[in-house]
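Read the structure below first, then the notes.
In my numbering, the protein residues as written are -5 to 108.
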């Protein structure tokens, strides 16, 4: 425990594994080996997920404050492709006062975060 272990697969790939906490369950006797850790008796609950990334919505690439509501692809003036814009920044950069597009050499899609 707490030491680095090396696993060698097919003499080509070497993986470094560090064990910090190990839960053991005795399936034959039907009870927990270490009940002080709060281990569950349900074998289907393993492996226990310790950390899971939270889904995050893309922010506007221009103002970096608002959530992106439009995404553009293959745009010549954007720094990256795809590029995300909020409604205000998109209208400021891509349309004039008459709501007409200034140029049309790009694809634009509505961005809806799940």
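All C-beta atoms, glycine included, are put in the ideal place defined by N, C-alpha and C.
Values in this document were obtained by computation on a predicted structure and should not be read as measured data.
**Asked** Where does residue 91 fall in DSSP's three states?
**Response** As a position in the chain shown, residue 91 is number 97, starting the count at 1. Three-state DSSP puts residue 91 in coil, outside helix and strand.
**Message:** By the three-class DSSP mapping on this structure, what secondary structure does residue 10 have?
**Reply:** To locate residue 10, count along the chain shown from 1; it is residue 16. DSSP places residue 10 in strand when its eight states are reduced to three.
**Request:** Check residue 103 in the structure and name its three-state DSSP category.
**Result:** By 1-based counting over the chain shown, the position of residue 103 is 109. Strand.
**Prompt:** What is the residue span of the beta strand (DSSP E) that residue 45 lies within?
**Reply:** On the chain shown, residue 45 is found 51 positions in, with the first residue counted as 1. It is not in any beta strand (DSSP E) - residue 45 carries neither H nor E in the DSSP assignment.
**Prompt:** In its own chain, which residues sit with a C-beta less than 6 Å from the C-beta of residue 67, not counting the 5 before and 5 after it?
**Reply:** Position 73 of the chain shown, counted from the first residue, corresponds to residue 67. Closer than 6 Å at the Cβ level, and outside the excluded window around residue 67, lie 75, 76, 101.
**Message:** DSSP three-state label for residue -2, please.
**Reply:** Here residue -2 refers to the residue found at position 4 of the chain shown. For residue -2, the three-state secondary structure derived from DSSP is strand.
**Asked** Per DSSP, what kind of secondary structure is residue 82 in: helix, strand or coil?
**Response** Indexing the chain shown from 1 puts residue 82 at position 88. Residue 82 falls in the helix class under three-state DSSP.
**Message:** Which of the three DSSP states is assigned to residue 98 in this structure?
**Reply:** For the purposes of this step, residue 98 is identified with residue 104 of the chain shown, where counting begins at 1. In the three-state reduction of the DSSP assignment, residue 98 falls in the coil class, being assigned neither a helical nor a strand state.
**Prompt:** To the nearest angstrom, how far is it from the Cα of residue 89 to the Cα of residue 96?
**Reply:** By one-based count along the chain shown, residue 89 stands at place 95. By one-based count along the chain shown, residue 96 stands at place 102. Taking the CA atoms as reference points, residue 89 sits about 5 Å from residue 96.
**Asked** Are the Cβ atoms of residue 80 and residue 60 separated by less than 7 Å?
**Response** The residue you call residue 80 lines up with position 86 of the chain shown. The residue you call residue 60 lines up with position 66 of the chain shown. For residue 80 and residue 60, yes; Cβs fall inside 7 Å.
**Message:** Between which two residues does the beta strand (DSSP E) holding residue 67 run?
**Reply:** Counting from one through the chain shown, the residue named residue 67 turns up at place 73. Per DSSP, residue 67 belongs to the beta strand (DSSP E) from 64 to 67.
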